[in-house]
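>
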Amino acid sequence: MENVHPQTGIIDGFYNPADYNGAVKMPLHHTSTYTFESAEQAAAFFEISQGKRAPEPGVGGFIYSRLNTPNLQLAENRLTIYDGAEMGLLFESGMAAISATCLALLQPGDIIVHTEPLYGGTDHFFRDMLAHWGVRLMGFGPGETFEQIADRLDKNGEYERMAMVYVETPSNPLNTLIDFEVVQQVRNHIHSQGGAAVVVADNTYLGPIFQQPLKHGADVVVYSCTKYIGGHSDLLAGAALGSKSILQKIKKVRNSLGNMAGPHTAWLLTRSLETLELRMRAAEANARALLGFFEKQHAVETIHYPGYKRQTDIYQKQCSGSGATIGIEIRGGQEAAFRFLNALKLVRLAVSLGGTESLATHPATTTHSNVPENVRAHYGIHDNLVRLSIGIEHESDLLADLEHALKKSQQYA
Ligand code: PLP
6 MENVHPQTGI IDGFYNPADY NGAVKMPLHH TSTYTFESAE QAAAFFEISQ GKRAPEPGVG
66 GFIYSRLNTP NLQLAENRLT IYDGAEMGLL FESGMAAISA TCLALLQPGD IIVHTEPLYG
126 GTDHFFRDML AHWGVRLMGF GPGETFEQIA DRLDKNGEYE RMAMVYVETP SNPLNTLIDF
186 EVVQQVRNHI HSQGGAAVVV ADNTYLGPIF QQPLKHGADV VVYSCTKYIG GHSDLLAGAA
246 LGSKSILQKI KKVRNSLGNM AGPHTAWLLT RSLETLELRM RAAEANARAL LGFFEKQHAV
306 ETIHYPGYKR QTDIYQKQCS GSGATIGIEI RGGQEAAFRF LNALKLVRLA VSLGGTESLA
366 THPATTTHSN VPENVRAHYG IHDNLVRLSI GIEHESDLLA DLEHALKKSQ QYA
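Numbering (the working numbering), first residue to last: 6 to 418.
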């Protein structure tokens with residue numbers, strides 16, 4: 006399946022029906038372990054799996070479902086297609102992918118140079134979990150120039166400990182963009198001073214259809230596949246993609262922790278991937294239709310959407326679409342935001358995003374409630390901010406629901 010369009014590869018790639026009794030789709034492999042034809046074969050499979058022996062045609066195979074399964078392998082291979090990655094790994098959640106990546110690439114005492122704001126779970130993992138292992142943080146914001154960031158790195162001076170530049174763009178929940186060119190400059194500066202930082206990019210919001218960070222210099226891209234990639238709000242999964250040399254290190258951690266996606270999740274993801282581009286484009290069209298409506302609403306004070314009326318230069322360099330997650334600030338503070346949320350009927354009140362159905366949430370009291378108040382204020386996550394994940398329902402029904410709820414938001418009891 007070489008030289009085909011990604012949309013073809015995502016449906017037909019890496020799979021030969023003849024290997025599975027002619028099944029058009031790979032059957033689900035619910036088994037925890039695999040039999041060997043001989044003790045010699047078992048020994049050979051283990052040697053290959055542990056990297057002690059190079060894979061040979063016809064030798065090497067499945068051993069135990071914590072290490073690999075046919076469903077996991079197919080989903081991982083297909084996931085590499087859009088991002089153009091050498092290797093992919095699937096996990097049982099986005100946080101499992103992010104935490105395994107950090108555990109594989111960081112040592113106690115290392116520094117993560119990271120963008121702000123971050124998804125609340127990542128922020129919590131960095132601040133409260135990695136801190137126990139002596140990992141330190143240096144944040145930088147979307148408005149900062151390379152010179153400003155480099156100045157702070159120089160003041161710190163511990164370049165040999167700056168092991169990771171962690172980027173979330175667009176950021177959750179503000180949709181701010183980080184310029185990958187600036188990230189490259191930061192990485193190169195650390196390298197020129199003796200550090201060996203690896204760039205890890207969380208591409209959950211736009212990827213892999215509207216943004217491919219590996220093509221903009223990232224070494225590893227991570228996903229919450231719970232969102233657009235899974236796309237139906239019926240599974241939890243995560244992924245890490247990149248070069249074999251780095252991904253093998255992360256795989257070692259996953260093999261030990263056992264936080265891989267199970268065969269059923271991998272099977273569901275393989276199915277979801279086939280419609281990923283269709284779903285993301287349909288949801289984006291809905292989101293764009295709503296922008297024009299929000300603009301005219303007195304009840305909407307601010308709109309946060311990638312590349313929308315700000316950061317257009319960065320948007321044009323690295324994004325081919327804006328996705329379908331919109332932040333709106335409601336006039337009247339948290340009380341008005343709550344009235345808006347409570348009045349929604351079609352749009353469901355739930356955390357998460359990227360599903361076929363539209364969802365709404367209040368970040369300050371839910372997804373980002375673990376982020377200290379002063380840090381939230383510094384990030385600009387205000388109490389009147391609502392995050393909307395726009396689905397693929399009919400635009401007219403979404404408009405009617407949102408219009409009704411915005412009206413209610415301005416009605417005091
Ligand atoms: N990264 C981003 C940007 C997210 O929005 C989320 C979840 O909301 C995660 C990572 C974590 O993913 P999961 O909930 O699948 O662990």
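For each residue, glycine too, the CB sits at the ideal point set by N, CA and C.
Does DSSP put GLY126 in a helix, a strand or coil?
helix
> Ordered along the chain, which non-local residues of its own chain (more than five positions away) have a Cβ less than 7 Å from that of PRO175?
Only residues of its own chain outside the window of five on either side were considered, and among them THR181, LEU182, TYR210, LEU211 and PRO311 have a CB closer than 7 Å to the CB of PRO175, listed in chain order.
> So, are the CB atoms of ASP420 and VAL204 less than 9 Å apart?
Nothing in the structure corresponds to residue 420, since the chain is present only between 6 and 418.
> Rounding to the nearest angstrom, what Cα-Cα distance links ALA47 and VAL376 in this structure?
49 Å
> Three-state secondary structure (DSSP) at ALA136?
Judged by DSSP in its simplified three-state form, ALA136 adopts helix.
> Report the rounded CA-to-CA distance for TYR87 versus ALA242, giving the unit in angstroms.
Their backbone Cα atoms lie some 18 Å apart in a straight line.
> Out of THR371, SER414 and LEU364, state which residue places its alpha-carbon closest to the alpha-carbon of GLU398.
The shortest C-alpha to C-alpha distance from GLU398 to any of THR371, SER414 and LEU364 is the one to LEU364.
> Would you call the CB atoms of SER248 and THR361 closer than 9 Å?
no
> Does at least one heavy atom of the ligand PLP sit under 8 Å from the Cβ of GLU121?
No, Cβ of GLU121 sits at least 8 Å from all heavy atoms of the ligand PLP.
> Go ahead and label GLU289 buried or exposed: buried means 16 or more other beta carbons lie within 10 angstroms of its beta carbon, across all protein chains shown.
buried
> Please report the straight-line C-alpha distance between ALA294 and ALA287, rounded to a whole angstrom.
If you take the alpha carbons of ALA294 and ALA287, they lie about 11 Å apart.
> Let me check one thing: in DSSP terms, what residues is PHE96 bridge-paired to?
GLY243 and MET265
> When the distance is taken between beta carbons, is GLY146 closer than 9 Å to MET167?
MET167 places its beta carbon 9 Å or farther from that of GLY146.
> Just curious, the alpha helix (DSSP H) that LEU364 is in, first and last residue?
Unbroken run through LEU364 is the beta strand (DSSP E), 364–366; no alpha helix (DSSP H).
> What number of angstroms, rounded off, separates the C-alpha of GLY396 from the C-alpha of ILE333?
16 Å
> For GLN253, which option in GLU45, GLY56 and GLY18 has the closest C-alpha, if you only look at C-alpha atoms?
GLY56
> Relative to the ligand PLP, is the shortest distance from any of its heavy atoms to the C-beta of ASN177 smaller than 8 Å?
yes
> Measuring straight from C-alpha to C-alpha, what distance separates PHE298 and LEU404?
If you take the alpha carbons of PHE298 and LEU404, they lie about 8 Å apart.
> Hey, quick one: how far does the alpha helix (DSSP H) through ALA47 stretch, first residue to last?
44–54
> Kindly give me the distance between the Cβ atoms of LEU358 and LYS232, rounded to whole angstroms, as I take these residues to be in contact under 8 Å.
5 Å
> Grab me the residues of ALA102's own chain with a C-beta within less than 6 Å of its C-beta, minus the 5 sequence neighbours each way, in chain order.
PHE96, VAL227, GLY243, ALA244 and ALA245
> When you compare only the Cα positions, how much space is there between LEU349 and ILE251?
45 Å
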